[in-house]
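> Throughout the sequence shown, residue numbering follows the working numbering, covering 201 to 280 in sequence.
Every residue gets a Cβ at the ideal spot worked out from N, C-alpha and C, and that includes glycine.
None of the values given here were measured: they were computed from a predicted structure.
Take this structure, written in structure tokens, and hold onto it; I'll ask about it next.
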Amino acid sequence: MTAKKVAKPFEEHLREAEAIVRDLESGALPLEESIGKYEKAVAALRECHAILDAAEKRIEVLTRRADGALDTRVDDGGED
Numbered sequence: 201m202t203a204k205k206v207a208k209p210f211e212e213h214l215r216e217a218e219a220i221v222r223d224l225e226s227g228a229l230p231l232e233e234s235i236g237k238y239e240k241a242v243a244a245l246r247e248c249h250a251i252l253d254a255a256e257k258r259i260e261v262l263t264r265r266a267d268g269a270l271d272t273r274v275d276d277g278g279e280d
């Protein structure tokens, strides 16, 4: 039986990218290590973008009216 891969949350990917940027900005890393870390940061940011894109699509689906148009009204919880 294969275990289901659990994806890291957005915040974890973002923290990873931020930590790498701090390391790179320090200027203390050798070139090859800097390039490797840069590649990891790019991958983490791509994951962030993918997660945000998926969230945006979910929100669009949730706000779509029956006729297919987006419902841009804000429900303030009060009565009309």
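#1: Quick check: what's the CA-CA separation for Glu233 versus Cys248?
#2: Taking 9 angstroms as the cut-off, decide whether the C-beta atoms of His213 and Leu262 are in contact.
#3: Would you kindly report the start and end of the unbroken alpha helix (DSSP H) that includes Gly236?
#4: Please classify Ile259 as buried or exposed, where buried requires at least 16 neighbouring CB atoms within 10 angstroms.
#5: Report the option in Glu256, Ile251, Lys257 whose CA atom is closest to the CA atom of Glu211.
Reading off the structure:
#1: 23 angstroms
#2: no
#3: 231 to 263
#4: exposed
#5: Ile251
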